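> Handing you a structure now.
Chains as they are written, first to last, in the numbering used here: chain A, 1 to 447; chain B, 448 to 1036.
The following block contains the structure:
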């Protein structure tokens, strides 16, 4: 199934893997978010240790024309530290929940990173000059006699090795009582929203001491709580529109033009319940773990536990497309409930032209679906196939009965190896897949 | 400027230059703030050839340093050799105009605007205008946004060919891809229109204005409303209807509440800009709609403008318009569901009484005031009370006093101390308007009760309030009504209340005069010097220092001095300190 999820005839091949090979994985090293910037030149990851690592795309070497060049570490910094809320007696983890790049505004790059409570704006900038020459000390750093200063020296800037600095520019704190699950930069380039379990706030990127609460679903009595906000995103080009998904499997679209408070939605997307397939787990598996607008802004996709649904913004009563991610797990929900995997929050992403999508699964498998041809493919991020330019072989899972050659049985899937976070280069067929503490980068190989 | 051997006169400057790169931001900042000293020492030539190139590349620094730098450079003309060389300042300001931090960029633009005036017309075309063009066509939107603020300063002083180019650049930025740039252009549209020839205003600006006012981003559209004010002032009355009004009407009914909010917020300016006729025909219905808007934020903004709008209505039809069109909407707002709307209205509604006169006020406005005085939200009541003076002039406050009293008492006892604080601040005003008799009868007890409030800020405000009351009602009133009560608290078992006595004396002594201070207050203060609480004792020392100037020298020498001397040997450190301080300030030592 060559060229699945692309429209062109090509195969995915291995490009790079980042992170330690050790079997023993430190909790802090587990990657918790992956995000390309708007040009695809930079790729950021955040981990449970509160660190952000940024990779930069480096131009291909002349003698390796087929390859697009590699992503190398550009900057690493500690974005969040563990904290303790003394008033509530709560530990606040340093884990980076989300990273979002800002549209580039000058030669520096900016990104927002958030843990459960605090959002930070970081500036990543380059410096290649250094000032030299002091009045009070000589070249070797020895102090000069104040009485022997006979002339003034103005420092001169000299070239030096490129230095990349990450500096915290703003801290947006104290606005979320619950855990932040999403941040999303608005197309007006001056505001962004942040969502926690019950509320959505709107911030101005330059103002840290106040934010506007635009959605609040907290009931007066917490015992009446029936649903929580699971994800939220701004529309890619209509600055007044945003959506948020809920644990009940529904999506609400709000128009900020209508009112200052968006408690009343403009559109409500919900697929009619199929009574025949109802079970104890129905509600849990219908909870939406991610929502993403297409680049065009016409569609949005939502990920629930077993499937990805594609919604046309103009049609609220059912999705236009539905893709099964790992339907073979439907029979294993009991096990997945017992080991808590059923609460895993898988994310999903679009390719640059909105023609294909990608999302993760278990056993280090990830899935791609091509929307026009309805072709799908399962690939694996593994050390075994991590030879340079090795083509990725499609994987198949057998569901009961006889297992064919090259197939893997449902029962032997490793539920501890899950791919929750993936990212697709905004312009090219380059994908980044986070598998526990490793980041795999794959790209297309034209036949 | 080199010093001779063995001379350390260059040393301080050398330190300043080195500290431009100190690791401590504060030291760098200090150094940047003394940039003129450095430049002066270096002389104009070295400033141009060495200092400015260095500064041009320091844009990596902290915002506050960059901000200070941007500001300094605006005043640097003489230090680089006068207007002839002012263009040397352009490179550093150009790089500052592209940083991401808005405050820094704005300051750089401000300085650029300033030094643009110091350019000769030739230099303006040779040096300044190319910089504006470079910024306007820069890759990053930070530079393009900065360019927007520079067009209007060079336009009037350049040749007509360059003028045409500038207009073209502005046009391009108005349709820039990034909303940031379109917003910057929209916010400078009015300013740019002012320097343009009227023909170009009509041909160029109007089309840009119309386009920005129907931008897809509401953050851009709302800025066009501001531009509307300036543009409308520039155009002759007969052109307004065709060129401006369609856009303004559209903005007042925009789908986005933020745009409508902006219209409401700028309503008075718009009203003045479009003149009386259009106001009567167009703005009155538009204003009614804004007062009835479905979004509370918009209603609140419109409610804030009620008084100004009514004041500025053309005189011949003012009363009719208010009575038939505005007042019905106002009546509805009094019982609005949103408290911000009600409190916005309450802050201006009293102003209507001067416009409508006595009869209308009694008949139509008074019921509204009374309703707002009973509002559940304290802010609404406060806003009414704080504006009582307007009504007082028209109908006298007596009409209101029956409802006023319960409202005041309730606020005075509100559970939130900030509310109590707010009402205290209106007490002197109320006392003046209600008169001594009413005050003694109804409000005096309240004022005294605040002195023993459990929040310090309230006790403090209460003492200050007493002083203002004494200033209003006179020393005799003070002697009879409040001084005995204040002095009585000196024997209170709670030391905080005893201290309140001292604080009251501090603020009352001057208003009460020498006699009351010497005869009644001083003995109490002196007696308190034996208090067992050290805080009380050192406040005695402070009080004595404070009331000293009111006393005569006899009392100072015979009564104050011995007590202060005793306190200056107190066992408590603070008591000693303040006693000694008082002795030296009063020159008794």
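In this text, a Cβ means the ideal position worked out from N, Cα and C, and glycines have one as well. Predicted model only: the values in this text are computed from it and were never measured.
Can you round the beta-carbon distance between residue 188 of chain A and residue 239 of chain A to whole angstroms, since I take them to be within the 8 Å contact cut?
Right, the Cβ-Cβ distance comes to about 4 Å (below 8 Å), so this counts as a contact.
> Please list, in chain order, the chain B residues whose beta carbon lies closer than 9 Å to that of residue 233 of chain A.
Here the premise fails: no neighbours, minimum Cβ distance about 18 Å.
> How far does the alpha helix (DSSP H) with residue 161 of chain A in it extend, from its first residue to its last?
Counting along the chain, residue 161 of chain A falls outside any alpha helix (DSSP H), though it belongs to the beta strand (DSSP E) covering 156–172.
> Going by the DSSP bridge assignment, what does residue 398 of chain A pair with across the sheet?
For residue 398 of chain A, which the question treats as bridged, DSSP gives the partners A:409.
> Against chain A, does residue 702 of chain B count as a neighbour if the rule is that its beta carbon must be under 7 Å from one of theirs?
Output row for residue 702 of chain B: interface = yes.
> Excluding sequence positions up to five away, which residues of its chain have a Cβ less than 8 Å from the Cβ of residue 978 of chain B?
942, 945, 984 and 987, listed in sequence order.
> Note down, in chain order, each residue of its chain lying with its Cβ closer than 6 Å to the Cβ of residue 167 of chain A, except the 5 sequence neighbours on either side.
Excluding residues within five positions, the ones whose Cβ falls inside 6 Å are 123.
> Quick one: does residue 136 of chain A have its CB under 7 Å from some CB of chain B?
Residue 136 of chain A counts as touching chain B.
> Using the beta-carbon count (16 or more within 10 Å), is residue 4 of chain A buried or exposed?
Unreliable positioning characterises residue 4 of chain A in this predicted model, as indicated by a pLDDT of 46, which lies under 50. A coordinate reading is not provided.
> Spell out the partners DSSP gives residue 359 of chain A in its beta bridges.
DSSP output for residue 359 of chain A lists A:348 and A:367 as bridge partner(s).
> Taking the beta carbon of residue 252 of chain A as the centre, do at least 16 other beta carbons fall within 10 Å, making it buried, or is it exposed?
Looking at its Cβ environment, which holds 16 or more other Cβ atoms inside 10 Å, residue 252 of chain A is buried.
> Given residue 406 of chain A, which residues of its chain have a CB within under 7 Å of its CB, disregarding the five upstream and five downstream residues?
Same-chain partners within the cutoff: 396.
> Of all the residues that make up the region 215–249 of chain A, which are near chain B by a beta-carbon distance shorter than 9 Å?
Going along the region 215–249 of chain A in chain order, one finds 237, 238, 239 and 240 with a Cβ nearer than 9 Å to chain B.
> So what does DSSP say about residue 1004 of chain B, is it helix, strand or coil?
Reduced to three states, the DSSP call for residue 1004 of chain B is helix.
> Could one say the Cβ of residue 449 of chain B lies closer than 7 Å to chain A's Cβ atoms, at least one of them?
Note on residue 449 of chain B: pLDDT 43, under 50, position unreliable in the model; the coordinate value appears next. Closer than 7 Å: yes.
> Could you pull the DSSP bridge partners for residue 204 of chain A from this structure?
A:191.
> Note down the Cα distance separating residue 765 of chain B from residue 777 of chain B, rounded to an integer number of angstroms.
Distance between the alpha carbons of residue 765 of chain B and residue 777 of chain B: 16 Å.
> Can you tell me whether residue 86 of chain A is buried or exposed? The criterion is at least 16 other CB atoms within 10 Å of its CB, across all chains shown.
Flag for residue 86 of chain A reads exposed.
> Do residue 126 of chain A and residue 164 of chain A have their CB atoms nearer than 7 Å?
Cβ distance < 7 Å, so residue 126 of chain A and residue 164 of chain A count as in contact.
> Considering only C-alpha positions, which residue in the set A:110, A:45, A:95 and A:306 is nearest to residue 101 of chain A?
When only C-alpha atoms are compared, the closest one is A:110.
> Roughly how many angstroms lie between the CA atoms of residue 980 of chain B and residue 948 of chain B, to the nearest whole one?
Roughly 14 Å separates the two Cα atoms.
> Compare the C-alpha of residue 889 of chain B against each of B:906, B:851 and B:478 and name the closest.
Taking only the C-alpha atoms, the option nearest residue 889 of chain B is B:851.
> For the 8 Å Cβ check, are there 3 or more pairs between the region 169–187 of chain A and the region 137–144 of chain A?
Counting Cβ pairs under 8 Å, fewer than three are found: no touch.
> To the nearest angstrom, how far is it from the Cα of residue 899 of chain B to the Cα of residue 906 of chain B?
Taking the straight line from one Cα to the other gives about 6 Å.
> Give the residues from the region 623–654 of chain B that approach chain A closer than 9 Å (Cβ to any Cβ), ordered along the chain.
Per Cβ criterion, the list reads 625, 626, 627 and 630.
> What do you get for residue 120 of chain A, buried or exposed, if any count of 16 or more other CB atoms within 10 angstroms of its CB means buried?
Looking at its Cβ environment, which holds 16 or more other Cβ atoms inside 10 Å, residue 120 of chain A is buried.
> Once you ignore the five residues that flank residue 904 of chain B on each side, which residues in its own chain have a CB closer than 8 Å to its CB?
864 and 868.
> Determine the extent of the alpha helix (DSSP H) in which residue 396 of chain B is found, giving its start and end residues.
Residue 396 of chain B lies beyond the stretch modelled for chain B, which goes from 448 to 1036, so this question has no answer here.
> Assuming residue 322 of chain A is part of the beta strand (DSSP E), what are its boundary residues?
First-last of the beta strand (DSSP E) with residue 322 of chain A: 321–324.
> Just the C-alpha distance for residue 566 of chain B and residue 533 of chain B, rounded to the nearest angstrom, thanks.
Between residue 566 of chain B and residue 533 of chain B, the C-alpha separation is close to 7 Å.
> Report back the beta-carbon spacing between residue 516 of chain B and residue 479 of chain B to the nearest angstrom; my notes put them in contact at under 8 Å.
Their Cβ separation, rounded to whole angstroms, is 5 Å, which keeps residue 516 of chain B and residue 479 of chain B in contact under 8 Å.
> If the cut is a Cβ gap below 9 Å, which residues of chain A does residue 671 of chain B touch?
Ordered by position in chain A, no residue passes the 9 Å Cβ test against residue 671 of chain B, which lies about 15 Å from the chain.
> Whose C-beta lies closer than 7 Å to the C-beta of residue 937 of chain B among residues of the same chain, with five residues either side of it excluded?
Only 945, 948, 971 and 975 meet the Cβ criterion.
> Take the Cβ of residue 75 of chain A as the centre, count every other Cβ of all protein chains shown within 10 Å, and call the residue buried at 16 or more, exposed below.
Residue 75 of chain A comes out buried.
> By the three-class DSSP mapping on this structure, what secondary structure does residue 439 of chain A have?
Reduced to three states, the DSSP call for residue 439 of chain A is strand.
> Buried or exposed: residue 439 of chain B, going by 16 or more other Cβ atoms within 10 Å of its Cβ?
No statement about residue 439 of chain B is possible, as the shown extent of chain B runs from 448 to 1036 and does not include it.
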